[in-house]
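Engineer: Take this structure first; my questions come after.
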């Protein structure tokens, strides 16, 4: 990997683990990406501290803290997947999609676990008048990771499907939320809200997950996580088969260092 965090354009096939590690380093390999990561974690930290210190005592529960912290961080998390997808589109034809998706998932899981740690620490240090402030802590901790993973996969999928990262980032917010609002405005379509990421986030971060809710989350993962990336992979293959030349290392460095 080059000093700018770019994928190598060598022809030799690396192992899945090596390629995933390379993509993981690339996900925070530029100043902009490190700033985005710091901003994401800082927002989560500030949200937890603000609710623990200034929020109503009755709202100081692990569920309330996680809802605010994880929801806020999940707004920015797709940006990493979008930038990794841009790397794929600008790299040589030999670069593989699977390691990038694995790296994006690992980074999202780290962000989710950071949020769990921040919420647990804030709640432990705060005074709560809630009857059971730690209720559903295990389910919410797992759900926190799953929320960030789906958000990240939405980012990689939209990053592969759109030409401009800015458009992909706006779409990662507007498309899931807009669809949730649209479905909710029509009575006959209301039940379909369960198939949107926003609806699954509400269930996961409340900790109240029934068997049906888990099935609905799986459907969200298949539609928004797997589905978008399958379409993006097909688009990427069409671009490669179209004879698109690989950019030179100098061109990559200028574009990815912004």
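Numbering (my numbering), first residue to last: 1224 to 1481.
For glycine and all other residues, C-beta sits at the position ideal for the given N, C-alpha and C.
1) Quick check on this structure: which residue in 1326, 1358, 1237, 1364 has the alpha carbon closest to the alpha carbon of residue 1337?
2) Could you pull the start and end residues of the alpha helix (DSSP H) that residue 1410 belongs to?
3) With 9 Å as the threshold, decide whether the Cβ of residue 1350 is near any Cβ in chain B.
4) Is residue 1331 helix, strand or coil by DSSP?
5) Whole angstroms is fine: what's the gap from residue 1304's alpha carbon to residue 1243's?
6) Give the list of continuous beta strand (DSSP E) stretches no shorter than 3 residues that lie fully inside the segment 1370 to 1395.
7) Would you call residue 1195 buried or exposed, if buried means 16 or more other Cβ atoms sit within 10 Å of its Cβ?
8) Go to residue 1263, then tell me how far its alpha helix (DSSP H) extends in each direction, as first and last residue.
9) Roughly how far, in whole angstroms, is the beta-carbon of residue 1418 from the beta-carbon of residue 1443, given that I think they are within contact range, below 8 Å?
10) With residue 1422 as the anchor, note down where its alpha helix (DSSP H) starts and where it stops.
11) Using the Cα positions of residue 1385 and residue 1347, report the straight-line distance between them to the nearest angstrom.
12) Return the chain-ordered list of same chain residues with a C-beta closer than 6 Å to the C-beta of residue 1271, the five sequence neighbours on each side being excluded.
13) Under 8 Å by Cβ, that's how I've got residue 1369 and residue 1440 pegged, so tell me the actual separation to the nearest angstrom.
14) Buried or exposed: which applies to residue 1354, given that a residue is buried once 16 or more other Cβ atoms fall within 10 Å of its Cβ?
15) Can you give me the Cβ contacts of residue 1235 inside the same chain, cut-off strictly under 8 Å, excluding the 5 residues immediately before and after it?
16) Is residue 1211 helix, strand or coil when you go by DSSP?
17) Rounded to whole angstroms, what's the CA-CA distance from residue 1240 to residue 1265? Just pull it up for me.
18) Taking the straight line between their C-alpha atoms, what separation do you get for residue 1326 and residue 1360?
Structural biologist: By the coordinates alone:
1) Counting from 1 along the chain shown, the entry for residue 1337 is found at position 114. Taking the Cα of residue 1337 as reference, the smallest distance to any Cα among 1326, 1358, 1237, 1364 is reached at 1364.
2) Locating residue 1410 in the chain shown gives position 187, counting from the first residue. It is not in any alpha helix (DSSP H) - residue 1410 carries neither H nor E in the DSSP assignment.
3) Structure shown: chain B not included; a single protein chain is present.
4) Here residue 1331 refers to the residue found at position 108 of the chain shown. It is helical.
5) One-based indexing of the chain shown puts residue 1304 at position 81. One-based indexing of the chain shown puts residue 1243 at position 20. Note on geometry: alpha-carbon atoms of residue 1304 and residue 1243 lie some 14 Å from one another.
6) Fully enclosed beta strand (DSSP E) runs of 3 or longer: not present.
7) Past the boundaries of the shown model lies residue 1195; the chain is included only from 1224 to 1481, so the question cannot be answered.
8) What you label residue 1263 is simply residue 40 of the chain shown in a count that begins at 1. In the DSSP annotation of this structure, the continuous segment of the alpha helix (DSSP H) that includes residue 1263 starts and ends at 1254 to 1277.
9) Walking along the chain shown from the start, residue 1418 turns up at place 195. Walking along the chain shown from the start, residue 1443 turns up at place 220. Confirmed, Cβ separation roughly 6 Å.
10) Within the chain shown, the letter at position 199 stands for residue 1422. Its alpha helix (DSSP H) spans residues 1420 to 1429.
11) Reading the chain shown from its first residue, position 162 is the one you call residue 1385. Reading the chain shown from its first residue, position 124 is the one you call residue 1347. For residue 1385 and residue 1347, the gap between their C-alpha atoms comes out near 43 Å.
12) One-based indexing of the chain shown puts residue 1271 at position 48. Hits under 6 Å: 1288, 1292, 1341, 1342, 1345.
13) Here residue 1369 corresponds to residue number 146 of the chain shown, with the count starting at 1. Here residue 1440 corresponds to residue number 217 of the chain shown, with the count starting at 1. Contact holds; Cβ gap of about 7 Å.
14) The residue you call residue 1354 lines up with position 131 of the chain shown. That one is exposed.
15) Position 12 of the chain shown, counting from 1, holds the residue named residue 1235. In this prediction, residue 1235 scores a pLDDT of 43, lower than 50, which makes its location untrustworthy; the coordinate-derived value is nonetheless stated afterwards. Exclusion of the five residues before and after residue 1235 leaves no residue of its chain whose Cβ lies closer than 8 Å to its Cβ.
16) There is no way to answer for residue 1211, as the model of the chain reaches only from 1224 to 1481.
17) Here residue 1240 corresponds to residue number 17 of the chain shown, with the count starting at 1. Here residue 1265 corresponds to residue number 42 of the chain shown, with the count starting at 1. Looking at the two C-alpha atoms, the distance is approximately 29 Å.
18) Position 103 of the chain shown holds residue 1326. Position 137 of the chain shown holds residue 1360. Their backbone Cα atoms lie some 26 Å apart in a straight line.
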